[in-house]
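The structure appears right after this line, and notes come after that.
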Amino acid sequence: MLCSIIFFCIFSFVSAVPLQRVSYAQPPPVREYELKAVYLYNFLQFVQWPETRRAAVKDGAMVIGIVGDSPFGEALAALQADVRRSGMRPVRIIEYGPYQEQMDFSECHLLFVGLSEKGNFRRIIARLKDSPVLTVADSENFVAAGGMISLVQNGGKIRWIINRAAADRAGLRFSAQLLSIAVRVIE
Amino acid sequence: MDALLTTLKSDEVAMVIVAVRFLNKTLSAAVLCFLVSLPVSGWAFSRGDETVAMSSLLTKGLSELIELDVALATGTLKPLKLAPSVATVITAQDIEDMGAATLDEVLMTVPGLHVQPSATNIFTSIWTIRGVYSQLNPQVLLLIDGQPLRNNGNGNKPHAFRLPVSMIARIEIIRGPGSAVLGADAFAGAINVITKEGSEINGSNAGFRGGSFGSYDVWAQHGGSYKGWDVALGAEYAKADGDRKRIIEKDALGAGPPSLAPGPLDTHYENFNSSLNATKDKIRLNFDGFWKIGAGAGAGVSNTLNGDRSKAEGYTLLGSVSYIEKDLLNDFDLTTRISGSYNWARNTFYFFPPDYRNAIGRPGAEDLNGGIEFSGDYRRFSDHRVRLSLGASNYNTDTFQEKNYGPGVAVQFGPLVDISDTPYVYLKDQSRRLFYSAIQDEWAFAKNWELTAGIRYDDYSDFGNAISPRIALVWNTTPELVTKLLYGRAFRPPTFGELHQQNNPATIGNSHLDAETIDTYELAFDYRPTKVLRFGLNLFEYRIRGLIDYISDPAPATTKTARNARDQKGRGFEVETEWLATEKLRFRANVSYQRSTDELTASVVADVPTVKLYANAHWKFLPEWSLDGQYFWVGGRHRAVGDTRPDIKDYDLVNMTLRKNNIMKHWDIAVAVRNLFDTDAREPAPAVIPNDYPLEHRSFWAELRCRF
């Protein structure tokens, strides 16, 4: 009985702490493609394009292209809006749809290749012909096929593999931070 | 289903009666009710979306972003509330908050699960889930990183098993049947312990904990990245004399000479555990070692104090290699897993006190198991996710034994004689092969509805086969409420001991045994009215067929033979709640009720709690400081038919933990008290120990940890 009373006292005491508006102490999980959209935006900040490419940008906006089925849902639109609202460097999204031979990706800083184009990884990379476009996909096979960044799951978290050789050929330079956090760097 | 709901109503009435008795009994229950019934209005919370807002992600640095946990759109990982089973996940942070030192202490907080010592199995903990209770406890599957940890001989976890928590990243506990996915022994439930990865440890740390009963733990861990490998290493050494005040007043020889009673239970232990995980790209390696240098046998294997001479020794090694090939074919991922385990165990039993009869038995076994499993995920169809598994395992057990009594021994009660590989050994060498295949489909057949249906077929070379279906309907009823309706069948194969045990004066194996099976229906609700409040309600009903028990042979034989003798049914519920009252104050509580009966005799399953309550408050009262309080109440434990003792006394326990992190730059410190009010709490013992087994008295510990 004594223990119960004392425990009651402890409970009452701690319960008396003023209640505030709060959220979970441990952060709730992030939606996969919202995080990936933010990654894409971050990649734009942590990669250096050749001088020639930079001059070509008209409105100062960075361009993200999506070829194949987009897994992002509303995430890219939300990213665009959030970026604009917070006065960060604007971003433009081009959805190309399913890959076709005549497509021109030269406008893009970053091209995200959807998993629906898995069969076309090599063709798309060949099409870009080492032009300064950062190529990103969700599949580990992408870097093996000559792509630059593969997003991978690592213990419930999202990380990336970098193909530095491919980026070098295209004249893109990764920041040291991007390289150091990568799960693996193919030199 | 209607029948299930109606019958549960009568149980709810019973629960109310129990609860009323309970309210009279302790004031703390009132506190809990107060917590549970707190009005949820009055605080303004945004509803629905449980994930982090995108704008907050944009402000984070890359190094912060990569640490975020992801609710994966694909993959079998799902938010817990949508999982097609009734599950509890406890993270390393939860464990640190509650100040638990062992897996047992963590499991005590899980609704529907009770931890108590075994009367016949060297005082090994029994994990009783929802009233499924047996001395050897093979009905709960323990997995370490997905690999079973059990003795082949009796299907149980290693004798006197004690798992420290330093290397645990999280523990997933499934209550209810898991055989459709996990196969054998996921019967009453399954406990999967997942060890830390290198990125979770991220550097090195070491710790020391010392406390009452001569106990201390020392551990060290390291995690990092080497040539693309994410590597985690950990080791922990633990030793204790045990509480020498856990006195039993009488044992099987009575009280006073020749008995050593009244005298203390022998609960000393000395363990060394180690773990190595390495991950690179598609490959994952897990190695875990459990070395039991020595452990006491409680009241002794014959419930006769023996002067602390009996002991259990053993070591177990688990290893597995997984290779994950994503997109092997279009939309097909293949995981190949090769696993092996080695287990050596030897128990030395002194059956009686030194001045009585000098009967010594030293049985042992060496298990060597190996297996390969292929599992493929096919996600070609947008609203289906199909998983196929195919596997084979091989189990081998070599037994050995020394003893100084019985057949095969020339001088009775003289020196120990090695009777390994003779007809007199307790169990001949055994082996069995298992082939299995399973298929499961997760079908999102309508908006907010998902149906998971699966079936697994296990074919054993020695006793036969088992078919384990399951079906789960998960309905996102409203943004705040998830409703689940679940059915599953699980099985437990007879163990080598149950099939072939011999030369035992009391119990004999039976090679004609079948598997035990359990059919379980569950209805579960997860309700999150606000971002800071969660309720869970699980209703269950199960029916077990063919529980294996040792039944007396016809006279004049005095032996008992294993038979699929008993059927059991049970039902009950669990209520869980969590409330984040403020940023600094968190409450958790759960209440479990179960009523299980033997179908033939209609008698209530003895020795297990009918009602269990757990309440927890965690308060970060200053930056880096936290105070944690735990309250346990265990009650409604009945005696077996024919046992004339009054029912086992209910008990409550209070634990407190005070922690200060970053006391200097890299140092954390904690102090704790267990059983704060020194309650005389008891767990059931057989009638030869009339006053039951006392639990540990009040104890203290202090812990120091350093990160570098």
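These protein sequence lines are chains A and B, in that order. Position 75 of the first sequence, counting from 1, maps to 75 under the numbering used here, and the rest follow consecutively. Numbering-wise, the numbering used here comes out as the position in the second sequence, counting from 1, plus 1000. For glycine and all other residues, C-beta sits at the position ideal for the given N, C-alpha and C.
| Check | Outcome |
| --- | --- |
| Could you pull the start and end residues of the alpha helix (DSSP H) that Ile188(A) belongs to? | No answer is possible for residue 188(A): the residues shown for chain A start at 1 and end at 187. |
| Alpha carbon to alpha carbon, what distance is there between Phe1573(B) and Asp1652(B)? | 21 Å |
| Within 8 Å (strictly less), CB to CB, does Gly1228(B) reach chain A? | yes |
| Could you tell me which residues DSSP puts in a beta bridge with Ser1215(B)? | Gly1211(B) |
| Could you tell me which chain B residues have their CB closer than 8 Å to the CB of Asn217(A), listed as they occur along the chain? | Lying outside 1 to 187, the shown extent of chain A, residue 217(A) is not represented and no answer is given. |
| Helix, strand or coil for Lys1612(B)? Go by DSSP, reduced to three states. | strand |
| For the alpha helix (DSSP H) that Ala78(A) lies in, which residues bound it at each end? | Ala75 to Arg85 |
| So, for Ala1685(B): in the same chain, excluding its five sequence neighbours on each side, which residues have a beta-carbon less than 6 Å away from its beta-carbon? | Ala1119, Asp1692 and Tyr1693 |
| Using alpha carbons as the reference points, say which of Pro1262(B), Phe1272(B), Ile1518(B) and Lys1660(B) lies closest to Glu1236(B). | Phe1272(B) |
| Kindly give me the distance between the Cβ atoms of Ser1596(B) and Lys1620(B), rounded to whole angstroms, as I take these residues to be in contact under 8 Å. | The pair is not a contact, with the Cβ atoms about 40 Å apart (cut-off 8 Å). |
| Please work out which residues of its chain come closer than 6 Å, Cβ to Cβ, to Asn1616(B), disregarding the five sequence neighbours upstream and downstream, and give them in chain order. | Arg1588 and Gln1630 |
| Count the other CB atoms within 10 Å of the CB of Gly1061(B); is the residue buried (16 or more) or exposed (fewer)? | exposed |
| Per DSSP, which residues does Ser1715(B) bridge with? Please list them. | The structure shown does not extend to residue 1715(B), since chain B is modelled only from 1001 through 1708, so no value can be given for it. |
| Output, in sequence order along the chain, the residues in the segment 123-138 of chain A whose CB is closer than 9 Å to any CB in chain B. | none |
| Over what stretch of residues does the beta strand (DSSP E) that includes Ile186(A) continue unbroken? | Arg184 to Ile186 |
| May I ask you to list, following chain order, the residues of the segment 55-88 of chain A that have a beta carbon less than 8 Å from some beta carbon of chain B? | Pro71, Ala75, Ala78, Leu79, Asp82, Val83, Arg85, Ser86 and Met88 |
| Tell me where the beta strand (DSSP E) around Met1167(B) begins and ends. | Run containing Met1167(B): none; DSSP gives neither H nor E here. |
| When you compare the CB positions of Pro1148(B) and Ser1592(B), do they come within less than 8 Å of one another, or not? | no |
| Is Glu1050(B) helix, strand or coil when you go by DSSP? | Here Glu1050(B) scores only 40 on pLDDT, less than 50, and its place in the model is too uncertain to base an answer on. |
| Grouping DSSP H, G and I as helix and E and B as strand, with all else coil, what is Ser1310(B)? | coil |
| Output yes if chain B places a C-beta closer than 8 Å to the C-beta of Val177(A); else output no. | The question names Val, but residue 177(A) is Gln in the sequence shown. Gln177(A) counts as touching chain B. |
| Using a cut-off of 8 Å between C-beta atoms, extract the partners of Ile1723(B) located in chain A. | Limits of chain B in this structure are 1001 at one end and 1708 at the other, which puts residue 1723(B) out of reach. |
| Determine whether the Cβ of Leu1622(B) lies closer than 8 Å to any Cβ atom of chain A. | no |
| Does chain B have any CB closer than 8 Å to the CB of Leu35(A)? | yes |
| What does Val38(A) reach in chain B if we use C-beta pairs closer than 9 Å? | Met1054, Leu1057, Leu1058, Lys1060 and Leu1065 |
| Return the chain-ordered list of same chain residues with a C-beta closer than 6 Å to the C-beta of Trp1449(B), the five sequence neighbours on each side being excluded. | Trp1475 |
| Name, please, each residue of chain A whose Cβ falls closer than 9 Å to the Cβ of Asp1716(B). | Since the displayed chain B opens at 1001 and closes at 1708, residue 1716(B) lies outside it and no answer follows. |
| Could one say the Cβ of Asn1330(B) lies closer than 8 Å to chain A's Cβ atoms, at least one of them? | yes |
| Would you please state the rounded distance, in angstroms, between the beta carbons of Ala1184(B) and Asp1458(B)? I believe it to be under 8 Å. | 7 Å |
| Starting from Met1098(B), follow the beta strand (DSSP E) in both directions and report where the run begins and ends. | Premise fails: Met1098(B) lies in the alpha helix (DSSP H), Ala1092 to Met1098, not in any beta strand (DSSP E). |
| One question on the structure: do Ile125(A) and Gly97(A) come within less than 8 Å of each other, judged by their Cβ atoms? | no |
| Entirely within the segment 1468-1516 of chain B and at least 3 residues each: give me those beta strand (DSSP E) ranges in chain order. | 1481-1492 |
| Quick one: Cα of Pro1554(B) to Cα of Ala1410(B), how far? | 30 Å |
| On a Cα-Cα basis, can you pick out the residue from Glu1197(B), Phe1381(B) and Thr1397(B) that is closest to Gly1153(B)? | Thr1397(B) |
| Checking contacts by CB at 8 Å: is Asn42(A) closer than that to chain B? | yes |
| Going by C-alpha distance, which of Arg1545(B), Glu1576(B) and Ser1552(B) is nearest Asn1564(B)? | Arg1545(B) |
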